[in-house]
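Read through the structure below, which is laid out as structure tokens, and then see the notes.
There are 2 protein chains.
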Amino acid sequence: MEQRGVSPSEFVNGERLWDRHFKLAAHGARQDGGVDRPALSAEESAARAELIGWGKSIGLTAYTDEAANLFLRLEGQEADAAPVLSGSHIDSQPTGGKFDGVFGVLAALEAVEAIVAMGAKPRRPIEVVAWMNEEGSRFSPGMAGSEAYTGVKPIEALLAVRDADGVTAGEAVAQVLARDVNVPVRPFGRPAAAFIEAHIEQGPVLEKEGIPVGIVTGIQGTRRYRVQVTGEAAHAGTANRSERKDALMAAVRMIAALDREAMHPDDLKVTVGMLTVTPNAPSVVPAQVMFSIDVRHPNNKEVDRIDSFIRLVVEAEKGPCEVALSQIAHAPSLMFNANIRILLHEKAREAGIAATDIYSAAGHDARQLHYFCPTGMIFVPCKDGISHNPNEWAESEHLLMGTQILADALWHLANE
Amino acid sequence: MEQRGVSPSEFVNGERLWDRHFKLAAHGARQDGGVDRPALSAEESAARAELIGWGKSIGLTAYTDEAANLFLRLEGQEADAAPVLSGSHIDSQPTGGKFDGVFGVLAALEAVEAIVAMGAKPRRPIEVVAWMNEEGSRFSPGMAGSEAYTGVKPIEALLAVRDADGVTAGEAVAQVLARDVNVPVRPFGRPAAAFIEAHIEQGPVLEKEGIPVGIVTGIQGTRRYRVQVTGEAAHAGTANRSERKDALMAAVRMIAALDREAMHPDDLKVTVGMLTVTPNAPSVVPAQVMFSIDVRHPNNKEVDRIDSFIRLVVEAEKGPCEVALSQIAHAPSLMFNANIRILLHEKAREAGIAATDIYSAAGHDARQLHYFCPTGMIFVPCKDGISHNPNEWAESEHLLMGTQILADALWHLANE
């Protein structure tokens with residue numbers, strides 16, 4: 001099927017790819033140059049409309065589903081063949097940047113645009129996908145769209161989650177679908193031939209080693225918890241220490257103990273990213289504290305060790321308060337499909353692009369797809385390893401090289 | 001001047017006094033039975049309108065000032081004599097109750113109503129007062145209205161403070177004054193002959209000792225701080241511990257150290273009541289944390305010792321983050337005017353009501369007035385010592401007894 005001597009990577013347009021990152025960054029732009037584009041927000045809908053327009057201009061048909069995942073489909077010679085999927089997400093953290101997620105969606109779109117420009121039609125359809133709510137900042141936990149698509153969780157459970165304002169994901173999805181009135185809603189349960197996700201590394205390895213592309217071997221394990229500490233509101237000036245049920249002091253003792261326990265090894269990542277105090281007034285002893293714990297390490301045993309410690313420490317340090325611990329996510333470490341990894345290395349070598357194996361410290365939608373179809377990931381370097389930050393940055397030439405490898409790999413998979 | 005054998009306390013109506021607490025509690029009522037009535041809110045304005053109406057029905061004239069303090073004035077035989085003031089505040093904590101502040105305002109109104117019912121006119125005017133923003137929950141710090149009235153702080157500084165939504169106290173005052181269009185605005189700098197504030201104890205002493213009224217000897221010292229910790233946002237899955245500038249972990253280390261240092265004596269009250277995390281997302285290493293510290297003890301040396309510790313510990317525990325500490329309030333311990341304290345004991349004895357000396361662990365507007373004119377306070381018990389809590393409760397008979405003493409003391413002071 002492949003045209004001898006011609007490959008899609010030759011048609012990838014690095015300038016167009018780069019420009020589109022800045023066009024999408026206008027939707028939810030922060031004053032500090034970063035991006036705040038919550039899942040299922042009006043800003044995300046605007047970015048979505050722009051993607052649909054770009055797809056339409058090269059003949060791609062937009063589809064969605066009950067999770068508001070977005071698919072831009074290039075038809076194949078065999079319309080009924082399972083499609084090859086590629087993409088990532090366009091929601092961001094509240095203090096997000098221009099590349100996390102967006103690169104994966106734009107790289108897939110550029111790869112398909114290159115295939116269209118080549119003038120050939122693949123055997124299988126290829127679908128560019130933007131998964132709903134990868135970040136999990138507005139509706140926690142994240143990766144909801146890919147979980148719904150792959151059947152990891154029932155859609156009803158995902159749509160029942162509420163944001164900080166009490167809006168359910170279901171209500172927010174309904175708003176997005178109402179805006180996209182001309183985009184057909186497809187049922188879940190569709191097979192996929194393969195999935196490849198391109199992404200910035202979100203770590204310092206590629207930049208340090210001076211290698212433009214990483215072929216991802218696997219994803220490190222994660223556990224995420226929510227801890228609710230309940231004490232009793234009291235007057236800061238009158239309640240003696242022995243009479244207090246101070247929810248914040250109990251939470252602080254728990255977190256401080258966790259901080260000490262998680263000091264080694266250095267790559268054991270324990271993060272308390274969210275903490276809210278009720279009623280949160282300077283002269284009132286806190287009645288309630290809710291905080292998140294996020295634990296990650298490539299070795300599942302290390303993650304399990306901290307899991308046991310968390311269960312002990314919240315009881316040991318609760319003092320006169322009550323505590324409720326819930327594990328809201330548990331994703332063990334995984335290794336990606338070997339054939340996909342080999343294919344990506346081959347395409348890098350054929351295109352003359354240096355590539356190395358790399359481990360993913362961050363979670364991605366590719367985790368869910370890994371259990372569903374042959375899956376792989378391509379990383380490109382990001383400046384100083386920084387992400388989830390307005391200063392997130394990647395180099396245009398690295399985005400181009402990652403996309404060239406993606407284009408050739410998708411073309412190969414779609415013709416298999 | 002006093003009519004022989006007749007005293008205002010005989011005309012105090014305990015049932016009316018009790019009912020009015022529940023009528024005011026309807027403005028800003030919480031579903032859990034508590035009250036959420038922020039300073040200068042629409043709910044507070046509604047409570048204010050009700051007070052003005054009650055005053056009008058017995059011939060009191062309402063006045064306000066540029067701080068939106070509310071005065072309900074009973075004219076005296078000598079219109080130009082400095083008035084005797086009595087009252088407290090009607091704003092509440094977010095999780096407040098029905099008695100804190102409100103009792104002092106309603107007791108003063110009831111005392112004046114008793115004097116009116118007695119059919120005699122005092123030599124000096126008597127003014128019932130509701131001081132603006134005592135709690136400091138919406139606009140921090142509190143006691144702003146009494147500070148403006150007594151000239152402790154310039155009005156401009158008080159009105160420039162912003163709430164969490166960015167609204168200045170000045171804008172909020174302007175809204176209140178616009179609603180009270182028929183209430184004249186008086187200039188600051190008016191003298192006062194005396195001030196008495198009735199209040200629930202907000203501590204367990206009177207209830208434990210079974211004594212219905214406390215004559216307050218003084219107020220314990222307070223220092224309040226704001227700590228801003230600045231780190232750097234990073235991805236929870238990729239940033240190794242040694243690379244992180246985690247603002248929350250730094251704040252937790254500071255607070256945990258403070259908690260240990262403040263363990264003794266038991267009546268040293270160190271409270272971190274407010275703590276906010278930015279961006280506050282489960283998978284982002286916190287970039288910024290702001291927290292409050294409130295330190296109180298009857299002995300100024302104990303408060304000073306913790307002040308020194310706070311200054312050391314925020315630097316010692318900041319790790320790779322930056323920290324900015326600002327002291328936003330410093331109120332040393334004080335003792336109230338001896339003549340007022342003796343008068344209140346006399347009036348309790350004359351009315352046959354058991355009373356005892358008691359120290360105030362909480363701050364009150366009476367602190368500011370203490371530096372301005374002879375000032376005293378009357379406490380009544382509150383259930384389990386609980387306040388700043390929807391479960392705050394006082395007994396009707398105790399409110400009555402406190403108000404009877406207040407009425408006789410005001411009558412005495414207004415005829416001196």
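Just so you know, the protein sequences line up as chains A and B, in that order.
Under full-length UniProt numbering, the residue at position 306 of the first sequence is numbered 306, and the numbers go up by one with no gaps.
Under full-length UniProt numbering, the residue at position 107 of the second sequence is numbered 107, and the numbers go up by one with no gaps.
In this text, a Cβ means the ideal position worked out from N, Cα and C, and glycines have one as well.
Open item on the list: Once the 5 residues before and after A108 (chain B) are set aside, which same chain residues still bring their CB inside 6 Å of it?
Closed with: S86, G87, V128, listed in sequence order.
- [ ] Please decide whether R241 (chain A) counts as near chain D, where near means a Cβ-Cβ distance under 8 Å.
- [x] Given the protein chain composition of this structure (A and B), no chain D is represented.
Open item on the list: I want to verify the contact list: residues of chain A whose CB lies under 7 Å from the CB of A256 (chain B), in sequence order.
Closed with: In chain order, V252, R253, A256 make up the part of chain A whose C-beta sits under 7 Å from the C-beta of A256 (chain B).
Open item on the list: If we define contact as Cβ-Cβ less than 8 Å, is T403 (chain B) a contact residue for chain A?
Closed with: no
- [ ] Under 7 Å between beta-carbons, which chain A residues line up against I386 (chain B)? List them in chain order, please.
- [x] Neighbourhood of I386 (chain B) in chain A, by CB distance below 7 Å: A234, in chain order.
- [ ] Would you mind reading off the limits of the beta strand (DSSP E) that contains S88 (chain A)?
- [x] Its beta strand (DSSP E) spans residues 84 to 88.
Task: H27 (chain A) versus R48 (chain A) - alpha carbon distance - done: 10 Å
TODO: Scan the stretch 368 to 407 of chain A and note each continuous beta strand (DSSP E) run of 3 residues or more that stays entirely inside, going in chain order.
DONE: 375 to 380
- [ ] State the CB to CB distance for the pair C321 (chain B) and K245 (chain B), rounded to an integer number of angstroms; the pair is presumed to be in contact (CB under 8 Å).
- [x] 5 Å
TODO: Give the interface partners of M249 (chain B) over in chain A, defined as CB-CB distance under 8 Å, in chain order.
DONE: I255, D259, V272
Open item on the list: Run through the DSSP bridge pairs and tell me what F22 (chain A) is partnered with.
Closed with: The bridge partners DSSP lists for F22 (chain A) come to none.
Open item on the list: Taking only three categories from DSSP, how would you classify T150 (chain B)?
Closed with: Three-state DSSP puts T150 (chain B) in a helix.
- [ ] Just tell me which of B:H345, B:Q327, B:L24 has its CA closest to the CA of V105 (chain B).
- [x] Of B:H345, B:Q327, B:L24, the residue nearest in Cα terms is B:L24.
Task: Under 8 Å by beta carbon: chain A residues contacting D266 (chain B) - done: Listed by position along chain A, the residues whose Cβ is nearer than 8 Å to that of D266 (chain B) are N240, R241, S242.
Open item on the list: Under 8 Å, Cβ to Cβ, is there at least one residue of chain A near A281 (chain B)?
Closed with: A281 (chain B) has a beta carbon lying within less than 8 Å of a beta carbon in chain A.
- [ ] Could you tell me whether any Cβ in chain A is nearer than 8 Å to the Cβ of N389 (chain B)?
- [x] yes
Task: Inter-residue spacing [alpha-carbon to alpha-carbon] between Y371 (chain B) and G142 (chain A) - done: 57 Å
Task: C-alpha gap between D36 (chain A) and V161 (chain B), whole angstroms - done: 28 Å
TODO: Please state if the CB of I328 (chain B) and the CB of I405 (chain B) are separated by a distance shorter than 8 Å.
DONE: no
- [ ] Pull up the distance between the alpha-carbon of H297 (chain B) and that of L334 (chain B), whole angstroms please.
- [x] The alpha-carbon atoms of H297 (chain B) and L334 (chain B) are separated by roughly 11 Å.
TODO: Determine the chain B residues that contact T222 (chain A) at a beta-carbon separation under 8 Å, and present them in chain order.
DONE: G237
Task: Closest Cα partner of P204 (chain B) within the set B:A174, B:H21, B:F139, B:A362 - done: The shortest CA-to-CA distance from P204 (chain B) to any of B:A174, B:H21, B:F139, B:A362 is the one to B:A362.
Open item on the list: In this structure, how does DSSP classify D165 (chain A) when only helix, strand and coil are distinguished?
Closed with: coil
Open item on the list: If we define contact as Cβ-Cβ less than 8 Å, is D357 (chain A) a contact residue for chain B?
Closed with: no
Open item on the list: Beta carbons nearer than 7 Å to chain B: which residues of the stretch 294 to 326 of chain A have them?
Closed with: D294, R296
Open item on the list: Since V314 (chain B) and M263 (chain B) should fall inside the 8 Å C-beta cutoff, what is the C-beta to C-beta distance between them, to a whole number of angstroms?
Closed with: The Cβ separation is near 19 Å, so there is no contact.
Task: Residue of B:S137, B:D365, B:Y359 minimising C-alpha distance to E152 (chain B) - done: Looking at the sequence provided, one finds Val at residue 152 (chain B) rather than Glu. Minimum Cα distance to V152 (chain B) is reached at B:D365.
Open item on the list: Is A366 (chain A) close to chain B? Criterion is C-beta to C-beta, closer than 8 Å.
Closed with: no
Task: Supposed contact pair N415 (chain B) and P122 (chain B) - C-beta distance, whole angstroms, cut 8 Å - done: 6 Å
Task: Residues, ordered as in the chain, of the stretch 95 to 107 of chain A that lie near chain B by beta-carbon distance below 7 Å - done: T95
TODO: Can you grab the Cα-Cα spacing for the pair E2 (chain B) / L410 (chain B), in whole Å?
DONE: Summary for E2 (chain B): the model assigns pLDDT 44, below 50, so the residue's position carries little reliability; its value from the coordinates is reported in the next sentence. C-alpha separation (whole angstroms): 12 Å.
Open item on the list: For the stretch 332 to 350 of chain B against the stretch 165 to 185 of chain B, do three or more pairs of beta-carbon atoms, one drawn from each stretch, fall closer than 8 Å, so that the two count as touching?
Closed with: no
Open item on the list: Nearest by alpha-carbon distance to V116 (chain B): which of B:N240, B:G76, B:S326, B:F71 is it?
Closed with: Considering only alpha carbons, the answer is B:G76.
Open item on the list: Do A239 (chain B) and A287 (chain B) count as a contact pair if the criterion is CB distance below 8 Å?
Closed with: no
Task: P286 (chain A): contacting residues in chain B (beta-carbon distance under 9 Å) - done: T271, V272, G273, M274, L275
TODO: Pick out whichever of A:G53, A:V6, A:E15 has its Cα sitting closest to the Cα of E397 (chain A).
DONE: A:E15
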